[in-house]
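Colleague:
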Amino acid sequence: MKQLNQSFEKLPKDRIADFCICCGSKKLKNSPAVLMPFVAERVFNWKQIKIDKTWGLNTIQNGQTYSICNTLLCSKCNFVFLDIRFSDKELSNLYNNYRGVKYTKLREKYEKNYEKRNRDLIKGITYLDEVEKFILKNTKLPLSILDWGGDTGKNTPFKNHSKKIHIYDVGNSKTVNGTIKVSKSNLKNRKYDLIVCSNVLEHVSYPSETLFDIKKNMSLKSLLYIELPYEKLIIEIENKKKSYEDKKHWHEHVNFFSKKSILKLLKKCKLKLVDFRKLDVAEGNFSLMQIVCRKDFDQ
Ligand SMILES: [Zn+2]
Numbered sequence: 204m205k206q207l208n209q210s211f212e213k214l215p216k217d218r219i220a221d222f223c224i225c226c227g228s229k230k231l232k233n234s235p236a237v238l239m240p241f242v243a244e245r246v247f248n249w250k251q252i253k254i255d256k257t258w259g260l261n262t263i264q265n266g267q268t269y270s271i272c273n274t275l276l277c278s279k280c281n282f283v284f285l286d287i288r289f290s291d292k293e294l295s296n297l298y299n300n301y302r303g304v305k306y307t308k309l310r311e312k313y314e315k316n317y318e319k320r321n322r323d324l325i326k327g328i329t330y331l332d333e334v335e336k337f338i339l340k341n342t343k344l345p346l347s348i349l350d351w352g353g354d355t356g357k358n359t360p361f362k363n364h365s366k367k368i369h370i371y372d373v374g375n376s377k378t379v380n381g382t383i384k385v386s387k388s389n390l391k392n393r394k395y396d397l398i399v400c401s402n403v404l405e406h407v408s409y410p411s412e413t414l415f416d417i418k419k420n421m422s423l424k425s426l427l428y429i430e431l432p433y434e435k436l437i438i439e440i441e442n443k444k445k446s447y448e449d450k451k452h453w454h455e456h457v458n459f460f461s462k463k464s465i466l467k468l469l470k471k472c473k474l475k476l477v478d479f480r481k482l483d484v485a486e487g488n489f490s491l492m493q494i495v496c497r498k499d500f501d502q
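Just add 203 to wherever you are in the sequence shown, counting from 1, and you've got the numbering used here.
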């Protein structure tokens with residue numbers, strides 16, 4: 204098997220991925236797709252435009268432009284991902300003032316009725332009690348907590364039952380009462396009982412980089428709670444009902460994890476699995492992967 208011959212602690216960061224960022228395999232398949240116009244404009248300032256006869260082109264037909272990309276599949280671990288890997292600067296273009304006025308206006312331009320959806324998203328998740336129950340199977344309160352990518356802290360578990368709650372987030376949202384926003388420099392040499400990384404890894408270009416960063420704030424006793432969307436397409440690929448070629452468009456979720464791929468990634472990052480479950484939410488319309496892990500002793 205062709206494999207990336209490198210440690211996951213320092214990966215080569217090419218614009219277009221040529222290896223699986225979960226397991227390192229180079230056995231990738233690809234299929235054409237489009238980058239959604241909202242993402243293309245917010246990340247790259249590539250605006251959608253209509254081509255008409257005034258362009259004077261001979262070999263191109265008139266019509267709406269779309270930014271093209273590839274859907275990649277790792278044949279070894281069923282990880283499905285966008286071939287374009289955004290740089291840190293590009294990710295900050297996308298996530299600064301996340302769901303703020305400018306973001307919402309641009310998104311409404313391309314995606315009608317986004318504003319209403321945004322209002323629902325801002326209200327927060329409805330399954331926080333399920334998250335808390337799952338984590339408590341493996342630990343006891345009170346806990347010192349770091350919510351990595353926790354935004355305002357509205358979805359942070361155990362808000363009224365914890366020693367302290369720190370939020371680290373690249374965005375610039377104000378955090379809710381009972382939580383403290385921290386920067387990378389505040390995090391130096393700090394360890395937490397529980398680190399929460401919910402709905403983050405599907406957005407980042409190199410999830411292993413995020414996990415190695417998080418590990419710096421873990422002791423051998425710390426738990427890490429990871430939550431990811433269990434995308435419908437992945438469930439259908441795992442059940443052999445659909446193919447990666449059915450993924451025709453890419454939006455903010457640039458990584459679609461299969462169960463196998465996230466478990467391989469944890470291993471590459473020397474994290475030991477403690478617990479895993481699939482949780483159905485929103486009346487079964489949406490599924491999540493919930494994972495509890497800890498630092499591996501053998502390092
Ligand atoms: Zn893979």
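No residue lacks a Cβ here, since even glycine has one placed at the ideal position from N, Cα and C.
Looking at valine 283: is its Cβ nearer than 8 Å to the Cβ of lysine 450?
Modeller: The sequence position of residue 283 within the sequence shown is 80, counting from 1. The sequence position of residue 450 within the sequence shown is 247, counting from 1. In contact: valine 283 and lysine 450 (Cβ atoms closer than 8 Å).
Colleague: Which residues in the same chain have their Cβ closer than 7 Å to the Cβ of leucine 346, if we skip the five residues on either side of it in sequence?
Modeller: Translated into positions along the sequence shown, residue 346 becomes position 143. Within the same chain, leucine 346 has close Cβ partners Phe361, Ser365, Lys366, Asp396 and Leu397.
Colleague: Cysteine 223: beta carbon under 7 Å from a heavy atom of ligand 1?
Modeller: One-based indexing of the sequence shown puts residue 223 at position 20. True, at least one ligand heavy atom lies under 7 Å from that Cβ.
Colleague: For serine 411, verify whether its CB is less than 7 Å away from any heavy atom of ligand 1.
Modeller: As a position in the sequence shown, residue 411 is number 208, starting the count at 1. No - ligand 1 has no heavy atom lying nearer than 7 Å to the Cβ of serine 411.
Colleague: Of the choices Asn402, Asp499, His406 and His452, whose alpha-carbon is the least far from that of serine 270?
Modeller: Position 67 of the sequence shown holds residue 270. Minimum Cα distance to serine 270 is reached at His452.
Colleague: Could you have a look at serine 295 and say whether DSSP puts it in helix, strand or coil?
Modeller: Start at 1 with the first residue of the sequence shown, and residue 295 comes out as number 92. Serine 295: helix per DSSP, three-state reduction.
Colleague: Which residue's Cα is closest to the Cα of valine 334: Asn402, Ile263 and Leu466?
Modeller: Along the sequence shown, read from residue 1 onward, the residue named residue 334 stands at position 131. The shortest C-alpha separation from valine 334 is found at Asn402.
Colleague: Using only alpha-carbon positions, find the residue among Lys279, Asp291, Thr274 and Ile254 that is nearest to leucine 285.
Modeller: Taking the first residue of the sequence shown as 1, we reach residue 285 at position 82. The shortest Cα separation from leucine 285 among Lys279, Asp291, Thr274 and Ile254 belongs to Thr274.
Colleague: If we call anything under 8 Å between Cβ atoms a contact, is isoleucine 368 one with isoleucine 338?
Modeller: As a first step, residue 368 is located in the sequence shown; it is residue number 165 there, counting from the start. As a first step, residue 338 is located in the sequence shown; it is residue number 135 there, counting from the start. No, they are not a contact pair.
Colleague: Leaving aside the five residues before and after valine 399 along the sequence, list all residues of the same chain whose C-beta is less than 6 Å from its C-beta, in chain order.
Modeller: Residue numbering aside, residue 399 sits at position 196 when the sequence shown is read from its first letter. Asp350 and Tyr428, listed in sequence order.
Colleague: Mind the definition here: the stretch 418–428 touches the stretch 253–266 only if three or more C-beta pairs lie below 8 Å; say whether that holds.
Modeller: Contact between the stretch 418–428 and the stretch 253–266 is absent, because fewer than three Cβ pairs lie under 8 Å.
Colleague: What residues match up with methionine 239 in a beta bridge as DSSP calls it?
Modeller: Residue 239 sits at position 36 when you count from the first residue of the sequence shown. BP columns for methionine 239 are empty, so no partner.
Colleague: Can you tell which of Thr342, Tyr433, Tyr409 and Gly352 has its C-alpha closest to the C-alpha of aspartate 478?
Modeller: Looking up residue 478 in the sequence shown gives position 275. Aspartate 478 has its Cα closest to that of Thr342, out of Thr342, Tyr433, Tyr409 and Gly352.
Colleague: Pick helix, strand or coil for leucine 260, following the three-state DSSP scheme.
Modeller: As a working note, residue 260 is residue 57 in the sequence shown. If DSSP states are grouped into helix, strand and coil, leucine 260 belongs with coil.
Colleague: Any idea what DSSP makes of leucine 344, helix, strand or coil?
Modeller: For the purposes of this step, residue 344 is taken as residue 141 along the sequence shown, with counting starting at 1. Here leucine 344 sits in coil by DSSP.
Colleague: According to DSSP, simplified to helix, strand and coil, what is isoleucine 287?
Modeller: Within the sequence shown, the letter at position 84 stands for residue 287. If DSSP states are grouped into helix, strand and coil, isoleucine 287 belongs with the strands.
Colleague: Taking 6 Å as the limit between beta carbons, can you name the residues of its chain near lysine 377, skipping five residues before and five after?
Modeller: Along the sequence shown, one-based indexing puts residue 377 at 174. Hits under 6 Å: none found.
Colleague: Mind checking who serine 234 pairs with in its DSSP beta bridge?
Modeller: Taking the sequence shown and counting its residues from 1, the one referred to as residue 234 is at position 31. Beta-bridge pairing links serine 234 to Thr274.
Colleague: Mind checking aspartate 354: buried by the 16 CB within 10 Å criterion, or exposed?
Modeller: Locating residue 354 in the sequence shown gives position 151, counting from the first residue. Buried.
Colleague: Output needed for threonine 307: all residues of its chain with C-beta closer than 8 Å, excluding positions within five of it in sequence on either side, in chain order.
Modeller: Mapped onto the sequence shown, residue 307 falls at position 104. Hits under 8 Å: Tyr317, Glu318 and Asn321.
Colleague: Hey, arginine 310 and isoleucine 325: beta-carbon distance below 8 Å or not?
Modeller: Here residue 310 refers to the residue found at position 107 when the sequence shown is read from its first residue. Here residue 325 refers to the residue found at position 122 when the sequence shown is read from its first residue. Not closer than 8 Å, so no.
Colleague: I'd like to check one pair, glutamate 212 with phenylalanine 500: are the Cβ atoms closer than 8 Å?
Modeller: Counting from 1 along the sequence shown, the entry for residue 500 is found at position 297. Counting from 1 along the sequence shown, the entry for residue 212 is found at position 9. No, the Cβ-Cβ distance between phenylalanine 500 and glutamate 212 is not below 8 Å.
Colleague: What are the boundary residues of the beta strand (DSSP E) that includes aspartate 396?
Modeller: For this step, residue 396 is matched to residue 193 along the sequence shown. First-last of the beta strand (DSSP E) with aspartate 396: 395–401.
Colleague: Just to check my reading of the structure: glutamate 293 and valine 246 have Cβ atoms closer than 8 Å, yes? What is that Cβ distance to the nearest angstrom?
Modeller: Here residue 293 is taken as the residue at index 90 of the sequence shown, counted from 1. Here residue 246 is taken as the residue at index 43 of the sequence shown, counted from 1. Correct: roughly 5 Å between the Cβ atoms.
Colleague: For leucine 260, is the classification buried or exposed, using 16 other Cβ atoms within 10 angstroms of its Cβ as the cut-off for buried?
Modeller: Translated into positions along the sequence shown, residue 260 becomes position 57. The residue is exposed, with fewer than 16 neighbouring Cβ atoms inside 10 Å.
Colleague: Give a single yes or no on whether phenylalanine 460 has its beta carbon closer than 7 Å to a heavy atom of ligand 2.
Modeller: Ligand 2 is absent from the structure shown, which contains only ligand 1.
Colleague: With a cut-off of 8 Å, does the C-beta of lysine 445 fall near any C-beta of chain D?
Modeller: The structure shown contains no chain D, having only a single protein chain.
Colleague: Using a Cβ-based criterion (distance less than 7 Å to any ligand heavy atom), does serine 408 qualify as near ligand 1?
Modeller: As a position in the sequence shown, residue 408 is number 205, starting the count at 1. Incorrect: serine 408 has no Cβ contact closer than 7 Å to ligand 1.
Colleague: Does the stretch 403–413 come close enough to the stretch 226–242 to have 3 or more Cβ pairs within less than 8 Å?
Modeller: Judged by Cβ distances under 8 Å, the stretch 403–413 makes no contact with the stretch 226–242, as fewer than three pairs qualify.
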